[in-house]
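Engineer: Order-wise, the sequence lines are chains A and B. Quick note: the first sequence uses numbering that gives the first Met the number 0, first residue 0, plus one each step. Quick note: the second sequence uses numbering that gives the first Met the number 0, first residue 0, plus one each step.
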Amino acid sequence: MRLKKRDWALILGLLLLAGALQAAAMLNRAPAAEALISVSGMQVRVMPLDEAGSFTGEGALGPFTVEAGTGGIRMTHSTCPDGLCIRQGLIARTGQSIVCLPNQVAVTLSGAGGPMDAVSY
Amino acid sequence: MQKRIARLAMMIALALVLSYVERLIPLPMPVPGIKLGLANLVTLVCLYLFGWRDALTVSALRVALGALMFGSGFSMVYALSGALCSLLVMALLKRTGLHPVSISAVGGVAHNLAQLLVAALVVRTLGLLSYLPMLILSGALTGVLVGVTGTALIGRLKNL
Numbered sequence: 000m001r002l003k004k005r006d007w008a009l010i011l012g013l014l015l016l017a018g019a020l021q022a023a024a025m026l027n028r029a030p031a032a033e034a035l036i037s038v039s040g041m042q043v044r045v046m047p048l049d050e051a052g053s054f055t056g057e058g059a060l061g062p063f064t065v066e067a068g069t070g071g072i073r074m075t076h077s078t079c080p081d082g083l084c085i086r087q088g089l090i091a092r093t094g095q096s097i098v099c100l101p102n103q104v105a106v107t108l109s110g111a112g113g114p115m116d117a118v119s120y
Numbered sequence: 000m001q002k003r004i005a006r007l008a009m010m011i012a013l014a015l016v017l018s019y020v021e022r023l024i025p026l027p028m029p030v031p032g033i034k035l036g037l038a039n040l041v042t043l044v045c046l047y048l049f050g051w052r053d054a055l056t057v058s059a060l061r062v063a064l065g066a067l068m069f070g071s072g073f074s075m076v077y078a079l080s081g082a083l084c085s086l087l088v089m090a091l092l093k094r095t096g097l098h099p100v101s102i103s104a105v106g107g108v109a110h111n112l113a114q115l116l117v118a119a120l121v122v123r124t125l126g127l128l129s130y131l132p133m134l135i136l137s138g139a140l141t142g143v144l145v146g147v148t149g150t151a152l153i154g155r156l157k158n159l
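1) Kindly indicate which residue of B:ILE24, B:VAL147, B:LEU136 and B:VAL143 has the alpha-carbon position closest to the one of ALA22 (chain A).
2) Taking 8 angstroms as the threshold (beta carbon to beta carbon), is PRO47 (chain A) in contact with chain B?
3) Can you check DSSP and say which residues form a bridge with ALA34 (chain A)?
4) Of all the CB atoms in chain B, is at least one closer than 8 angstroms to the CB of THR70 (chain A)?
5) Is there a Cβ of chain A sitting closer than 8 angstroms to that of ARG155 (chain B), yes or no?
6) Along chain A, which residues have their Cβ under 8 angstroms away from the Cβ of LEU67 (chain B)?
7) Measuring only between beta-carbons, confirm whether SER80 (chain B) sits less than 8 angstroms from chain A.
8) Using a threshold of 8 angstroms, state whether the C-beta atoms of ILE34 (chain A) and VAL106 (chain A) are closer than that.
9) Roughly how many whole angstroms lie between the Cα atoms of PRO62 (chain A) and GLY82 (chain A)?
10) Beta-carbon within less than 8 angstroms of LEU15 (chain B)'s beta-carbon, same chain only, minus the 5 sequence neighbours each way: which residues are those?
11) Determine the contact status of ALA54 (chain B) and LEU13 (chain B), defining contact as a CB-CB distance below 8 angstroms.
12) Looking at the structure shown, is SER96 (chain A) part of a helix, part of a strand, or coil, going by DSSP?
13) Can you name the residues that DSSP bridges to SER18 (chain B)?
14) At which residue ranges does the stretch 39-90 of chain A contain complete beta strand (DSSP E) runs of 3 or more residues, listed in the order of the chain?
15) Does DSSP put MET10 (chain B) in a helix, a strand or coil?
16) Does any CB atom of chain A fall closer than 8 angstroms to the CB of ARG123 (chain B)?
17) When we look at the beta-carbon of VAL104 (chain A) and count the other beta-carbons within 10 Å, is it buried (16 or more) or exposed?
18) Sorry if obvious, but does the Cβ on ALA17 (chain A) come closer than 7 angstroms to a heavy atom of the ligand MG?
19) Decide yes or no for the touch test of the stretch 8-21 of chain A against the stretch 59-76 of chain A: beta carbon pairs closer than 8 angstroms, at least 3 of them.
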């Protein structure tokens, strides 16, 4: 089988799509102001990112701890088998998130005043 | 019949070995849960050599066995959604006569998208969609990698 033009077009199209989406996402990035922490879809805590603080909550599998400060937040402990959420490190821009899937914990960042970065009337 | 069972069992075993081995390879990208998806190689090869029904059998069984051996109940649902979605998309695209490399690329993207959706449903957070670009990129790239290898295999395994 030979690769035809439409194959190249398809693959290139996918790569361009990814690039375009990433560029669009990056344009909307701004330093985040607060983190929304939810467990199994329910909001349990909102933490400001400029004050140093930590929060320990109960996930689906067990406790988890996040630490905020200097404009960012990170997961320092979680009861999950992989620890991918901890290895992700610090996030500090709006739209970024840390998710511990087994524990059903999600930490999402937004600008001051909730998920809306800008509102106009 | 016995030949079919032996062929499919061999494919399942191969897929399981691949999904174990790929965990040993560290990836430079920071996106959590990103994998090479090497086991999709087996799905692709089965799709072309044996048809979608056998590919479905192999895919479902290797996800189930893989989850029992290495994962958990939840990881099974998660992996199954990716594998089944990917197989569905690839089987449908196969009818258009696209090259296996392209089909595998789209399959890889579909796999990641399905898993992203499941993850977003579990934690009820749309913010996860910020991973979309990286998942499309990695899905396409690993899909191409798997597709190239798969094409070589399909050519050589015609007599299986």
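Where a beta carbon is used, it is the ideal one built from N, C-alpha and C, also for glycine. Remember, predicted model here, so these are calculated numbers, not experimental data.
Structural biologist: The short version:
1) Nearest C-alpha to ALA22 (chain A): B:LEU136.
2) It does not: the Cβ of PRO47 (chain A) has no partner Cβ on chain B nearer than 8 angstroms.
3) Answer is A:MET46 and A:LEU108, bridged to ALA34 (chain A).
4) The sequence given here has Gly at residue 70 (chain A), not Thr. No, GLY70 (chain A) does not count as interfacial toward chain B.
5) For ARG155 (chain B), the answer is no, since every Cβ of chain A falls outside 8 angstroms of its Cβ.
6) Within chain A, no C-beta atom comes nearer than 8 angstroms to that of LEU67 (chain B); the closest sits roughly 15 angstroms away.
7) SER80 (chain B) does not count as touching chain A.
8) Here residue 34 (chain A) is Ala; the residue named in the question, Ile, does not match the sequence. In contact: ALA34 (chain A) and VAL106 (chain A) (Cβ atoms closer than 8 angstroms).
9) If I take the Cα positions, the gap works out to 13 angstroms.
10) Correct list, in chain order: ALA38, ARG61, LEU64, GLY65 and MET68.
11) Contact flag unset, no.
12) In this structure, DSSP gives SER96 (chain A) an extended state, which the three-state scheme calls strand.
13) The partner list for SER18 (chain B) (beta bridge, DSSP) is empty, contrary to what the question assumes.
14) If we require 3 residues or more, the beta strand (DSSP E) runs fully inside the stretch 39-90 of chain A come out as 41-47, 52-57, 62-68 and 71-77.
15) The answer is helix: DSSP assigns MET10 (chain B) an H, G or I state.
16) For ARG123 (chain B), the nearest CB of chain A lies under 8 angstroms from its own CB, placing it at the interface with that chain.
17) Buried, by the Cβ-count rule.
18) What this structure holds is no ligand at all, so the ligand MG is not there to describe.
19) Taking a contact to require three or more Cβ pairs closer than 8 angstroms, the stretch 8-21 of chain A and the stretch 59-76 of chain A do not qualify as touching.
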